[in-house]
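**Q** Submitted below is the structure of interest, expressed as C-alpha cells.
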C-alpha cells in the first residue's frame, strides 16, 4: 500500500507577519502567524511549514517566540526554517515545539552540517530546502513550462544565485543524510500556473528520499498533477490556501476521487 500524499500549508514569515509574493518578490502581508497556523491545523493539514524567510539574509536566527506561539496552536507535525546554522539552533527550535527543521543557505555554505544534524537528531528531522530557478539569457525566467535551460540553486531567500547545478546538489543532499528535500521552483512561485512537474518527476526518479513540491499551486487540479505527473510525496502551498478560495479539505477530497491516497 502506498504512503498517503501530504498536503502542507506554508507560512512564509517576515517581520512577524505571514507574507506571499510572486517569484520571491513583491511580498504582501496576508495574515497573522498563529491564526493561520491554527486554521490549517483545524482544516486537516498533514503538516505545517514555517519559514522565517529573511533570517539568513538579515544574518540572524529564527525568532523563537514565534515558533513557540505556533507550536502551542497546532497538533500536527511542524517544520521550521530560517537562519539555522548549528546543532544549538536546532536544539532550541525543537525545545520550542518544532518537530523538524529546514536548512537551505547554511547547507549550501557548509554541506557537512546536513550530516552533522542527521547524525545528532536523525535524518527524519532534517529537511533540506532547495530553491531553484532555470535560466533564460542568464537570468532567472518568470515561468517556463518547457525548461531545458540549466537549473541552479539560490540562497538568502532567493536573492543569491550560487551557480550550483540543482539536480546534482539534490543528489549530494541525499547522500549527506537529509531525510527530505523541499524543492521550491522560483520560476513557478506565486504564479498559480502549477508546480514544476517535469523537474519534480526527474528528481523523484533519481533519489529515494521524499520530495516536497513547492511553488505554483493555483487550483486543486495542480495538486492532482503534482502527484500523478510530478511524482511528489507531498505538496506545499501558501497563496491558494491563504486566499480562502480553496480549502485543504476540498483539495484532499478531489485527490481521493482521483484515486490518490490521502488522509482525510
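Residue numbers (the numbering used here): 369 to 632. For glycine and all other residues, C-beta sits at the position ideal for the given N, C-alpha and C. None of these values were measured; they are calculated from a predicted model.
Could you pull the DSSP bridge partners for residue 378 from this structure?
**A** In the chain shown, residue 378 corresponds to position 10, counting from 1. According to DSSP, residue 378 bridges with 417.
**Q** Are three or more beta carbon pairs between the segment 370-387 and the segment 396-412 nearer than 8 Å?
**A** In short, these stretches touch, since the Cβ pair count reaches three.
**Q** Can you have a look at residue 518 and say buried or exposed, based on whether 16 or more other CB atoms are within 10 angstroms of its CB?
**A** On the chain shown, position 150 is the one that residue 518 refers to. It is exposed - the Cβ of residue 518 has fewer than 16 other Cβ atoms within 10 Å.
**Q** Determine, using beta carbons only, whether residue 532 and residue 521 come nearer to each other than 8 Å.
**A** In the chain shown, counting from the first residue as 1, residue 532 sits at position 164. In the chain shown, counting from the first residue as 1, residue 521 sits at position 153. Contact flag set, yes.
**Q** Please report how far the alpha carbon of residue 470 lies from the alpha carbon of residue 608, in whole angstroms.
**A** Taking the chain shown and counting its residues from 1, one reaches residue 470 at position 102. Taking the chain shown and counting its residues from 1, one reaches residue 608 at position 240. Using only the alpha carbons, I get a separation of about 22 Å.
**Q** Is the beta carbon of residue 617 closer than 8 Å to that of residue 377?
**A** Numbered from 1 along the chain shown, position 9 holds the residue referred to as residue 377. Numbered from 1 along the chain shown, position 249 holds the residue referred to as residue 617. Going by C-beta atoms, residue 377 is not nearer than 8 Å to residue 617.
**Q** Enumerate in chain order the residues of its own chain whose CB-to-CB distance from residue 626 is below 6 Å, with the five nearest sequence positions on each side excluded.
**A** Mapped onto the chain shown, residue 626 falls at position 258. 592, listed in sequence order.
**Q** Could you work out which residue in 478, 466 and 495 is closest to residue 552 when comparing CA atoms only?
**A** Here residue 552 refers to the residue found at position 184 of the chain shown. Residue 495 is the option with its Cα nearest to residue 552.
**Q** Can you give me the Cβ contacts of residue 539 inside the same chain, cut-off strictly under 7 Å, excluding the 5 residues immediately before and after it?
**A** What you label residue 539 is simply residue 171 of the chain shown in a count that begins at 1. Counting only Cβ-Cβ distances below 7 Å, and skipping sequence neighbours, we find 574 and 575.
**Q** Return the residue from the list 566, 439 and 435 that minimises the CA-CA distance to residue 457.
**A** Taking the chain shown and counting its residues from 1, the one referred to as residue 457 is at position 89. Considering only alpha carbons, the answer is 435.
**Q** Output the boundary residues of the alpha helix (DSSP H) element that contains residue 476.
**A** For the purposes of this step, residue 476 is identified with residue 108 of the chain shown, where counting begins at 1. Counting along the chain, the alpha helix (DSSP H) containing residue 476 begins and ends at 473-477.
**Q** Does DSSP classify residue 536 as helix, strand or coil?
**A** Position 168 of the chain shown, counted from the start, is the residue given in the question as residue 536. It is helical.
**Q** Taking the beta carbon of residue 433 as the centre, do at least 16 other beta carbons fall within 10 Å, making it buried, or is it exposed?
**A** As a working mapping, residue 433 is identified with position 65 in the chain shown. Its Cβ having fewer than 16 others within 10 Å, residue 433 is exposed.
**Q** For residue 474, which residues from the same chain have a beta carbon less than 7 Å from its beta carbon, with the 5 sequence-adjacent residues on both sides left out?
**A** As a first step, residue 474 must be located in the chain shown, where it is residue number 106. Correct list, in chain order: 452, 453 and 481.
**Q** Are the CB atoms of residue 582 and residue 599 nearer to each other than 8 Å?
**A** The count along the chain shown starts at 1 and reaches residue 582 at position 214. The count along the chain shown starts at 1 and reaches residue 599 at position 231. The answer is no: Cβ separation not under 8 Å.
**Q** To the nearest angstrom, how far is the alpha carbon of residue 622 from that of residue 544?
**A** The residue labelled residue 622 in the question sits at position 254 within the chain shown. The residue labelled residue 544 in the question sits at position 176 within the chain shown. Taking the straight line from one Cα to the other gives about 36 Å.
**Q** With DSSP run on the structure shown, which of helix, strand or coil describes residue 609?
**A** In the chain shown, counting from the first residue as 1, residue 609 sits at position 241. It is helical.
**Q** Helix, strand or coil for residue 548? Go by DSSP, reduced to three states.
**A** By 1-based counting over the chain shown, the position of residue 548 is 180. Residue 548 falls in the strand class under three-state DSSP.
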